[in-house]
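A short worksheet on the structure shown next.
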Amino acid sequence: MPEAPTFAKFYPLARQGFAPLIQRWRTHVTATDERSLMMLADTARIADLGQPPVELPVPETLVQWASSERDDPPLWLLKALLFLIVQMPSRPVPDSKAEQAAWAYLWLRLRPWSSTDDACRALPEHLQGVLSDALPMGWQDMQAQRL
């Protein structure tokens, strides 16, 4: 039986879930990678999820981020991905503990929350049970405020 993630292992586990999150995005949208980057940058700006650079990464970079757990994509991109994915009518859900950690990590950073319960209640219903274990660990991780 796989070992359950603990608070100390949460952030490394979340990082492992970033590439699968990008892969999921690429399989659920029909846009080209270039168009996807524009949509994600616009979403990040409009929803106040971060400030993308004026010159966006080349489309190949999105492919690279989707296939590598070593290269961290920018936070604005990851937050925009999650912001849009949780609203998709197809209701995608994370498939692994790493993806659950990544989704929880990013959900908690979309806006300020008063508590982990508050953040969980704000999730779309289809994600509340799926992220119920990862959100408290993500909350502890966020409160620890690593440097």
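For the sequence shown, numbering that gives the first Met the number 0 gives the first residue as 0, with consecutive numbering after it.
Cβ coordinates follow ideal geometry from the N, Cα and C atoms, glycine included.
Please read these numbers as outputs of a predicted model, since none were measured by experiment.
Practice prompt. Indicate whether D70 and Q63 have their beta-carbon atoms separated by less than 8 Å.
Written response: Taking 8 Å as the Cβ cut-off, D70 and Q63 qualify as a contacting pair.
Fill in: Integer Cβ distance of A148 from A101, believed to fall under 8 Å
As displayed, the chain neither begins before 0 nor continues past 146, which places residue 148 out of reach and without an answer.
Discussion item. Looking only at its chain, what residues have a beta carbon closer than 8 Å to the beta carbon of A118, apart from the 5 residues adjacent to it on each side?
Written reply: Counting only residues of its own chain and dropping the five nearest sequence neighbours on each side, A118 has a CB closer than 8 Å to the CB of W106, L107, W112, L134, W138.
Item to complete: Within 10 angstroms of the Cβ of R23, are there 16 or more other Cβ atoms? Answer buried if so, exposed if not.
Response: Around the beta-carbon of R23, 16 or more other beta-carbon atoms lie within 10 Å, marking it buried.
Worksheet item: Going straight from the alpha carbon of A46 to that of A7, what length do you get?
Response: A7 has its alpha-carbon roughly 30 Å from the corresponding atom of A46.
Discussion item. Quick check on M141: does DSSP put it in helix, strand or coil?
Written reply: Judged by DSSP in its simplified three-state form, M141 adopts helix.
Worksheet item: For T42, is the classification buried or exposed, using 16 other Cβ atoms within 10 angstroms of its Cβ as the cut-off for buried?
Response: Classification for T42: buried.
Worksheet entry | V28 - DSSP class collapsed to helix/strand/coil | In the structure shown, V28 sits in coil (DSSP, three-state: anything other than H, G, I, E or B).
Practice prompt. Check the Cβ-Cβ distances between K96 and every residue of chain D, and say whether any is below 8 Å.
Written response: Here chain D cannot be found, since the structure has a single protein chain.
Item to complete: Report yes or no: do three or more beta-carbon pairs, one from the stretch 23 to 36 and one from the stretch 78 to 97, lie closer than 8 Å?
Response: With a cut-off of 8 Å, the stretch 78 to 97 and the stretch 23 to 36 count as touching, because enough Cβ pairs lie within range.
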